[in-house]
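Below you'll find the structure, written out as C-alpha coordinates, and then a few comments.
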Amino acid sequence: MKASVSDQNNLIELQRIDTAIMQATHKLKTLPEREQLTAILARLSTSDELLVVAEAELADVTIDLRRSEVDVESVADRMAKDEARLSGGSASPKELEQLQHELATLAKRKAELEDGELEIMMNVDASKEKVAVIKSDEEGLKKLELEINIRLENAVTELDREIALKKSERTLLAPKIDVALIELYEKVKASGGGIGAALLIGNTCDGCRLAINAVEMDRIKSLDSEEVLRCEECRRILVRI
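Numbering that gives the first Met the number 0 applies: residue 0 is where the sequence shown begins, and numbers increase by one.
See below:
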(Lines of atoms letter the chains of each structure in order from A and count residues from 1; the text may use other names and numbers.)
(Lines give C-alpha, C1' and ligand atoms only; values in the text may rest on other atoms or scores of the structure.)
Protein backbone atom coordinates (compact mmCIF):
# COMPACT_ATOMS: atom_id res chain seq x y z
CA MET A 1 0.00 0.00 0.00
CA LYS A 2 1.24 3.45 -0.87
CA ALA A 3 0.39 6.92 0.43
CA SER A 4 2.00 10.27 -0.13
CA VAL A 5 4.51 11.57 2.39
CA SER A 6 2.09 14.40 3.08
CA ASP A 7 -0.69 11.93 3.87
CA GLN A 8 1.62 9.97 6.14
CA ASN A 9 2.68 13.11 7.99
CA ASN A 10 -0.93 14.17 8.32
CA LEU A 11 -1.71 10.71 9.69
CA ILE A 12 0.83 11.23 12.49
CA GLU A 13 -0.78 14.58 13.26
CA LEU A 14 -4.17 12.85 13.29
CA GLN A 15 -2.76 10.31 15.74
CA ARG A 16 -1.56 13.14 17.98
CA ILE A 17 -5.04 14.63 17.92
CA ASP A 18 -6.69 11.27 18.64
CA THR A 19 -4.25 10.64 21.49
CA ALA A 20 -5.05 14.04 22.98
CA ILE A 21 -8.78 13.29 22.72
CA MET A 22 -8.28 9.86 24.30
CA GLN A 23 -6.19 11.26 27.15
CA ALA A 24 -8.61 14.11 27.84
CA THR A 25 -11.57 11.71 27.78
CA HIS A 26 -9.81 9.38 30.23
CA LYS A 27 -8.93 12.32 32.47
CA LEU A 28 -12.55 13.48 32.32
CA LYS A 29 -13.72 10.11 33.64
CA THR A 30 -11.03 9.83 36.31
CA LEU A 31 -10.88 13.35 37.73
CA PRO A 32 -9.78 13.08 41.40
CA GLU A 33 -12.66 15.33 42.40
CA ARG A 34 -15.11 12.55 41.51
CA GLU A 35 -13.50 10.18 44.01
CA GLN A 36 -13.26 12.96 46.59
CA LEU A 37 -16.98 13.70 46.23
CA THR A 38 -17.84 10.02 46.62
CA ALA A 39 -15.83 9.91 49.86
CA ILE A 40 -17.44 13.10 51.19
CA LEU A 41 -20.96 11.89 50.38
CA ALA A 42 -20.21 8.64 52.21
CA ARG A 43 -18.99 10.60 55.24
CA LEU A 44 -22.08 12.82 55.12
CA SER A 45 -24.31 9.75 55.02
CA THR A 46 -22.54 8.31 58.07
CA SER A 47 -22.73 11.68 59.80
CA ASP A 48 -26.48 11.88 59.16
CA GLU A 49 -26.92 8.49 60.80
CA LEU A 50 -24.83 9.54 63.79
CA LEU A 51 -26.83 12.76 64.09
CA VAL A 52 -30.13 10.86 64.19
CA VAL A 53 -28.79 8.68 67.01
CA ALA A 54 -27.30 11.64 68.90
CA GLU A 55 -30.50 13.69 68.66
CA ALA A 56 -32.53 10.70 69.86
CA GLU A 57 -30.17 10.33 72.83
CA LEU A 58 -30.53 14.06 73.58
CA ALA A 59 -34.32 13.78 73.44
CA ASP A 60 -34.24 10.83 75.85
CA VAL A 61 -31.99 12.49 78.44
CA THR A 62 -34.02 15.71 78.15
CA ILE A 63 -37.14 13.73 79.04
CA ASP A 64 -35.23 12.09 81.91
CA LEU A 65 -34.20 15.53 83.16
CA ARG A 66 -37.77 16.81 83.11
CA ARG A 67 -38.95 13.76 85.04
CA SER A 68 -36.19 14.28 87.60
CA GLU A 69 -37.15 17.95 87.96
CA VAL A 70 -40.78 16.96 88.55
CA ASP A 71 -39.72 14.43 91.20
CA VAL A 72 -37.60 17.04 93.01
CA GLU A 73 -40.43 19.58 92.83
CA SER A 74 -42.88 17.01 94.21
CA VAL A 75 -40.67 16.22 97.20
CA ALA A 76 -40.01 19.94 97.78
CA ASP A 77 -43.76 20.65 97.78
CA ARG A 78 -44.35 17.85 100.27
CA MET A 79 -41.59 19.20 102.53
CA ALA A 80 -43.08 22.70 102.35
CA LYS A 81 -46.46 21.40 103.48
CA ASP A 82 -44.93 19.44 106.36
CA GLU A 83 -42.89 22.45 107.45
CA ALA A 84 -46.04 24.59 107.39
CA ARG A 85 -47.85 22.11 109.62
CA LEU A 86 -44.82 21.86 111.87
CA SER A 87 -44.71 25.62 112.38
CA GLY A 88 -48.48 25.95 112.61
CA GLY A 89 -48.58 24.84 116.23
CA SER A 90 -51.77 22.83 115.83
CA ALA A 91 -50.16 19.39 115.65
CA SER A 92 -50.00 17.05 118.65
CA PRO A 93 -46.62 15.96 120.05
CA LYS A 94 -46.98 12.60 118.29
CA GLU A 95 -47.83 14.31 115.00
CA LEU A 96 -44.89 16.66 115.45
CA GLU A 97 -42.59 13.68 115.90
CA GLN A 98 -44.01 12.03 112.76
CA LEU A 99 -43.63 15.27 110.78
CA GLN A 100 -40.01 15.67 111.85
CA HIS A 101 -39.27 12.07 110.89
CA GLU A 102 -41.00 12.51 107.54
CA LEU A 103 -39.13 15.76 106.88
CA ALA A 104 -35.83 14.02 107.55
CA THR A 105 -36.78 11.20 105.18
CA LEU A 106 -37.93 13.69 102.53
CA ALA A 107 -34.74 15.72 102.87
CA LYS A 108 -32.66 12.61 102.29
CA ARG A 109 -34.83 11.67 99.31
CA LYS A 110 -34.57 15.20 97.91
CA ALA A 111 -30.78 15.12 98.19
CA GLU A 112 -30.67 11.79 96.32
CA LEU A 113 -32.97 13.12 93.60
CA GLU A 114 -30.90 16.29 93.22
CA ASP A 115 -27.73 14.22 92.86
CA GLY A 116 -29.46 12.19 90.16
CA GLU A 117 -30.72 15.38 88.54
CA LEU A 118 -27.19 16.80 88.44
CA GLU A 119 -25.92 13.64 86.73
CA ILE A 120 -28.72 13.81 84.18
CA MET A 121 -27.94 17.50 83.54
CA MET A 122 -24.34 16.51 82.80
CA ASN A 123 -25.63 13.85 80.38
CA VAL A 124 -27.80 16.48 78.68
CA ASP A 125 -24.81 18.81 78.29
CA ALA A 126 -22.71 15.95 76.88
CA SER A 127 -25.47 15.02 74.42
CA LYS A 128 -25.85 18.65 73.32
CA GLU A 129 -22.10 18.87 72.75
CA LYS A 130 -22.15 15.64 70.74
CA VAL A 131 -24.95 16.95 68.51
CA ALA A 132 -23.14 20.28 68.08
CA VAL A 133 -19.88 18.57 67.07
CA ILE A 134 -21.65 16.37 64.50
CA LYS A 135 -23.47 19.37 63.03
CA SER A 136 -20.23 21.36 62.89
CA ASP A 137 -18.50 18.48 61.10
CA GLU A 138 -21.39 18.28 58.63
CA GLU A 139 -21.15 21.99 57.89
CA GLY A 140 -17.44 21.57 57.17
CA LEU A 141 -18.09 18.60 54.89
CA LYS A 142 -20.84 20.43 53.01
CA LYS A 143 -18.55 23.42 52.51
CA LEU A 144 -15.83 21.12 51.20
CA GLU A 145 -18.37 19.36 48.96
CA LEU A 146 -19.33 22.71 47.44
CA GLU A 147 -15.68 23.65 46.84
CA ILE A 148 -14.93 20.31 45.18
CA ASN A 149 -18.07 20.54 43.04
CA ILE A 150 -16.89 23.93 41.78
CA ARG A 151 -13.43 22.53 40.99
CA LEU A 152 -15.01 19.54 39.26
CA GLU A 153 -17.30 21.75 37.19
CA ASN A 154 -14.36 23.93 36.13
CA ALA A 155 -12.23 20.89 35.25
CA VAL A 156 -15.05 19.30 33.25
CA THR A 157 -15.69 22.54 31.38
CA GLU A 158 -12.00 22.88 30.49
CA LEU A 159 -11.69 19.25 29.36
CA ASP A 160 -14.91 19.42 27.35
CA ARG A 161 -13.56 22.53 25.65
CA GLU A 162 -10.26 20.78 24.93
CA ILE A 163 -12.00 17.69 23.51
CA ALA A 164 -14.31 19.81 21.36
CA LEU A 165 -11.32 21.76 20.02
CA LYS A 166 -9.40 18.58 19.15
CA LYS A 167 -12.45 17.04 17.49
CA SER A 168 -12.80 20.19 15.41
CA GLU A 169 -9.14 19.90 14.37
CA ARG A 170 -9.72 16.25 13.49
CA THR A 171 -12.74 17.10 11.36
CA LEU A 172 -10.61 19.53 9.35
CA LEU A 173 -7.60 17.23 9.01
CA ALA A 174 -9.12 13.80 8.31
CA PRO A 175 -10.55 14.65 4.83
CA LYS A 176 -7.04 15.64 3.69
CA ILE A 177 -5.77 12.07 4.17
CA ASP A 178 -6.23 9.24 1.66
CA VAL A 179 -9.38 7.26 2.48
CA ALA A 180 -7.67 3.86 2.27
CA LEU A 181 -4.94 5.02 4.66
CA ILE A 182 -7.54 6.36 7.09
CA GLU A 183 -9.44 3.06 6.98
CA LEU A 184 -6.28 1.09 7.75
CA TYR A 185 -5.40 3.52 10.52
CA GLU A 186 -8.83 3.21 12.16
CA LYS A 187 -8.65 -0.59 12.01
CA VAL A 188 -5.19 -0.72 13.56
CA LYS A 189 -6.11 1.91 16.15
CA ALA A 190 -9.12 -0.12 17.28
CA SER A 191 -6.94 -3.12 18.07
CA GLY A 192 -3.87 -1.19 19.14
CA GLY A 193 -5.03 0.51 22.30
CA GLY A 194 -5.97 3.72 20.54
CA ILE A 195 -2.67 4.02 18.64
CA GLY A 196 -2.82 3.26 14.93
CA ALA A 197 0.24 5.11 13.67
CA ALA A 198 3.66 5.85 15.13
CA LEU A 199 6.90 7.46 14.09
CA LEU A 200 9.93 5.40 13.17
CA ILE A 201 12.66 7.05 15.22
CA GLY A 202 16.03 5.68 14.22
CA ASN A 203 15.42 1.94 14.34
CA THR A 204 12.72 2.12 17.02
CA CYS A 205 8.94 2.04 16.67
CA ASP A 206 7.55 4.86 18.78
CA GLY A 207 4.35 2.86 19.21
CA CYS A 208 5.66 -0.25 20.96
CA ARG A 209 9.13 1.22 21.70
CA LEU A 210 10.82 -1.92 20.34
CA ALA A 211 13.88 -1.88 18.11
CA ILE A 212 13.57 -3.12 14.56
CA ASN A 213 16.19 -5.66 13.50
CA ALA A 214 18.92 -4.70 11.07
CA VAL A 215 17.60 -6.81 8.20
CA GLU A 216 14.17 -5.18 8.38
CA MET A 217 15.74 -1.74 8.65
CA ASP A 218 17.75 -2.39 5.48
CA ARG A 219 14.55 -3.41 3.73
CA ILE A 220 12.75 -0.28 4.95
CA LYS A 221 15.57 1.96 3.72
CA SER A 222 15.30 0.43 0.28
CA LEU A 223 11.58 1.16 -0.01
CA ASP A 224 10.04 4.15 -1.71
CA SER A 225 9.13 7.00 0.67
CA GLU A 226 5.46 6.55 -0.24
CA GLU A 227 5.42 2.89 0.79
CA VAL A 228 3.24 2.47 3.89
CA LEU A 229 5.22 0.66 6.57
CA ARG A 230 3.98 -1.59 9.38
CA CYS A 231 5.83 -2.44 12.57
CA GLU A 232 6.62 -6.16 12.65
CA GLU A 233 6.01 -6.27 16.42
CA CYS A 234 2.86 -4.20 17.04
CA ARG A 235 1.58 -3.94 13.43
CA ARG A 236 1.03 -0.22 13.75
CA ILE A 237 1.58 2.02 10.74
CA LEU A 238 5.12 3.36 10.79
CA VAL A 239 5.88 6.82 9.46
CA ARG A 240 9.47 7.75 8.71
CA ILE A 241 10.76 11.08 9.98
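By construction, the Cβ of each residue, glycine as well, lies at the ideal position given by its N, Cα and C atoms. What you are looking at is a predicted structure, and each value in this text was computed from that prediction instead of being measured.
Distance from the Cα of residue 166 is smallest, within the candidate group 26, 7, 239 and 18, for 18.
In the structure shown, the three-state DSSP call for residue 222 is coil.
Rounded to the nearest angstrom, the gap between the Cα atoms of residue 22 and residue 10 is 18 Å. For residue 95, the CB contacts under 7 Å within the same chain, skipping 5 residues up- and downstream, are 85 in chain order. DSSP places residue 238 in the uninterrupted beta strand (DSSP E) bounded by 236 to 239. Distance between residue 103 and residue 65, taken at the CA atoms: about 25 Å. Comparing C-alpha distances from residue 163 to each of 222, 132, 20 and 144 shows the shortest one belongs to 20. Uninterrupted alpha helix (DSSP H) stretches at least 4 residues long and entirely within the stretch 33 to 58 do not occur.
Within its own chain, the residues whose Cβ lies closer than 7 Å to the Cβ of residue 2, once the five positions on either side in sequence are excluded, are 177, 180, 225 and 227, listed in chain order. For a cut-off of 8 Å, the C-beta gap from residue 27 to residue 158 is around 5 Å, short enough to register as a contact.
Selection 223, 40, 67 and 46 evaluated against residue 0 yields 223 as nearest (Cα-Cα). Within the stretch 49 to 114, no alpha helix (DSSP H) run of at least 4 residues lies entirely inside it. Residue 30 has its alpha-carbon roughly 12 Å from the corresponding atom of residue 37. In the DSSP assignment, residue 173 falls outside any alpha helix (DSSP H), carrying neither H nor E. Note on the stretch 132 to 212: whole alpha helix (DSSP H) runs with a minimum of 4 residues are 178 to 190, in chain order. Measuring C-alpha to C-alpha distances from residue 230 to each of 209, 221 and 156 identifies 209 as the nearest. Contact between residue 53 and residue 141 fails: their C-beta atoms lie close to 17 Å from each other, not under 8 Å.
Nearest in C-alpha terms to residue 39, of all of 221, 232, 105 and 137, is 137. For residue 30, the three-state secondary structure derived from DSSP is coil. Pairing residue 70 with residue 112 gives a Cβ-Cβ distance under 9 Å.
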